[in-house]
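A.B. asks:
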Amino acid sequence: MKAHGNVRSTGSCRSLPAAIGIGVASGAAAALSLLASRKVAATMKVGRGHPPLHRALDLASGLMQPKYPLAAMSTYLNGLHMYADEMGRQVEATHFCVHLRHDLHQCVIFDRNAPDARLIGIEYIISEERFRALPDEEKQLWHSHHYEVKSGVLAAPGVPEIAEHTYFQDLVSTYGKTFHTWQYDRDDFPYGIPQLMMAMTGDGQADEELVRERDQALGISTSHKREHRADIPAPEVAPGANCWESGRSVQTRLEQVDFKR
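When the letters of the sequence shown are read in order and numbered with my numbering, they come out as residues 996 to 1256.
1) Rounded to whole angstroms, what is the Cα-Cα separation between Gly1147 and His1175?
2) Using a Cβ cut-off of 9 Å (strictly closer), state whether Leu1249 contacts chain D.
3) Are three or more beta carbon pairs between the region 1148-1161 and the region 1120-1127 nearer than 8 Å?
4) Buried or exposed: Ala1194, going by 16 or more other Cβ atoms within 10 Å of its Cβ?
5) Measuring alpha carbon to alpha carbon, tell me which residue in Glu1132, Trp1137, Glu1159 and Lys1220 is nearest Ile1117.
6) Since Gln1085 sits in a beta bridge, which residues does DSSP pair it with?
7) Taking just the CA atoms, how far does Asn1237 sit from Val1245?
8) Please state the DSSP three-state secondary structure of Glu1118.
9) Name the two residues that bound the continuous beta strand (DSSP E) containing Phe1105.
10) Taking its Cβ as the centre, do 16 or more other Cβ atoms sit within 10 Å of Arg1224, making it buried, or is it exposed?
11) Tell me Lys959's beta-bridge partners as DSSP assigns them.
12) Considering just the uninterrupted stretch of the beta strand (DSSP E) at Gln1190, what are its terminal residues?
13) My guess is that Gly1074 and Glu1143 are in contact by the Cβ rule of under 8 Å, so how many angstroms apart are they, rounded?
14) Got a sec? Which residues, its chain only, sit under 6 Å from Asp1080 by beta carbon, not counting five neighbours each side?
15) How about Val1252 and Asp1180: are their beta carbons less than 9 Å apart?
16) Could you pull out every residue in the same chain whose Cβ sits closer than 7 Å to the Cβ of Trp1239, ignoring the five residues on either side in sequence?
17) Which of helix, strand or coil does DSSP assign to Arg1127?
18) Let's see if you can read the secondary structure: which residues bound the alpha helix (DSSP H) around Ile1157?
19) Measuring CA to CA, which of His1090, His1097, Asp1111 and Met1059 is closest to Ile1104?
20) DSSP three-state call for Arg1113: helix, strand or coil?
21) Starting from the Cα of His1141, find the closest Cα among Tyr1186, Glu1231 and Asn1108 and give me that residue.
22) Could you compute how far the alpha carbon of Pro1047 sits from the alpha carbon of Pro1064?
23) Going by other Cβ atoms of all chains shown within 10 Å of its Cβ, with 16 needed for buried, is Leu1166 buried or exposed?
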């Protein structure tokens, strides 16, 4: 009987595959163990002040329940949003997105990438073809991504530059509809109604201090990304997007209406 490293040959062709299978199973078990430990660590960082029973239930559900929509969110983006009716109110927005269909992404938005991050909104991203087919009234709710991409303001932290560049070549011609449900620049609680958000479309609009703080926190350089994306063609923005550029905008408001039975 010959020994080949840690795999022992018995003259049967099943020995090596069996050993490989054991190795794969061991690796998978180790990976699952690591994920579970990270889940535990993340769960313990949120819900401060919860009684022990609630903490135990949160931990158990985090380990036992599948969460398929969350697991499918493969893209992490970071950018800045401004309120549709007030350019001076700009906030950092951390997106987690899934490419649901060829012409549609859907994203959940948090204030940062951390276990105790606040859920602040949602964004839908569609292709230019889909946007051009929208009714004029609907187009008022959408913004273009051309400047966010070209300026470097929109980033995919942790992704190698070559891969990020390829991703943003596709995203540069898309359009987004964003509502923030938590005005976290004003309140530490989700008061009020969802607010329509927009994106910057030209130089001098973004809050430079906010960009610097974001870059420092994420270890990225907006100016470097801008240079690296200079070769990405800037698309012609379809009419109807970025309605605030006309000097007039739209925004949600609360009003009483008759109840329909």
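Where is the CB? At the ideal position from N, CA and C, for every residue including glycine.
C.D. replies: Here's the rundown:
1) By 1-based counting over the sequence shown, the position of residue 1147 is 152. By 1-based counting over the sequence shown, the position of residue 1175 is 180. Approximately 22 Å, taken between the alpha carbons.
2) Any reference to chain D falls outside this structure, which holds one protein chain only.
3) no
4) The count along the sequence shown starts at 1 and reaches residue 1194 at position 199. So Ala1194 ends up on the buried side.
5) Taking the sequence shown and counting its residues from 1, the one referred to as residue 1117 is at position 122. Ranking Glu1132, Trp1137, Glu1159 and Lys1220 by Cα distance to Ile1117 puts Trp1137 first.
6) Start at 1 with the first residue of the sequence shown, and residue 1085 comes out as number 90. Answer is Met1077, bridged to Gln1085.
7) The residue labelled residue 1245 in the question sits at position 250 within the sequence shown. The residue labelled residue 1237 in the question sits at position 242 within the sequence shown. The straight-line gap from Cα to Cα measures roughly 10 Å.
8) Counting from 1 along the sequence shown, the entry for residue 1118 is found at position 123. Correct three-state label for Glu1118: strand.
9) Within the sequence shown, numbered from 1, the residue matching residue 1105 stands at position 110. Counting along the chain, the beta strand (DSSP E) containing Phe1105 begins and ends at Leu1099 to Phe1105.
10) By one-based count along the sequence shown, residue 1224 stands at place 229. So Arg1224 counts as buried.
11) Look at the range of the chain in this structure, 996 to 1256, and you will see that residue 959 is not part of it.
12) On the sequence shown, position 195 is the one that residue 1190 refers to. First-last of the beta strand (DSSP E) with Gln1190: Gln1190 to Met1193.
13) For the purposes of this step, residue 1074 is identified with residue 79 of the sequence shown, where counting begins at 1. For the purposes of this step, residue 1143 is identified with residue 148 of the sequence shown, where counting begins at 1. Indeed, because the Cβ distance is near 6 Å, the residues count as touching under 8 Å.
14) Along the sequence shown, read from residue 1 onward, the residue named residue 1080 stands at position 85. So the list reads Ser1244 and Gln1246, once near-sequence residues are dropped.
15) One-based indexing of the sequence shown puts residue 1252 at position 257. One-based indexing of the sequence shown puts residue 1180 at position 185. No.
16) The sequence position of residue 1239 within the sequence shown is 244, counting from 1. The residues are Ala1079 and Met1193.
17) Position 132 of the sequence shown holds residue 1127. Here Arg1127 sits in helix by DSSP.
18) The residue given as residue 1157 occupies position 162 in the sequence shown. In this chain, the alpha helix (DSSP H) harbouring Ile1157 covers Glu1156 to Leu1166.
19) As a working mapping, residue 1104 is identified with position 109 in the sequence shown. Closest by alpha carbon: His1090.
20) As a working mapping, residue 1113 is identified with position 118 in the sequence shown. Residue state, collapsed to three classes: coil.
21) As a first step, residue 1141 is located in the sequence shown; it is residue number 146 there, counting from the start. Taking only the C-alpha atoms, the option nearest His1141 is Glu1231.
22) Taking the first residue of the sequence shown as 1, we reach residue 1047 at position 52. Taking the first residue of the sequence shown as 1, we reach residue 1064 at position 69. When rounded, the distance between both Cα atoms is 28 Å.
23) Along the sequence shown, one-based indexing puts residue 1166 at 171. Result: buried.
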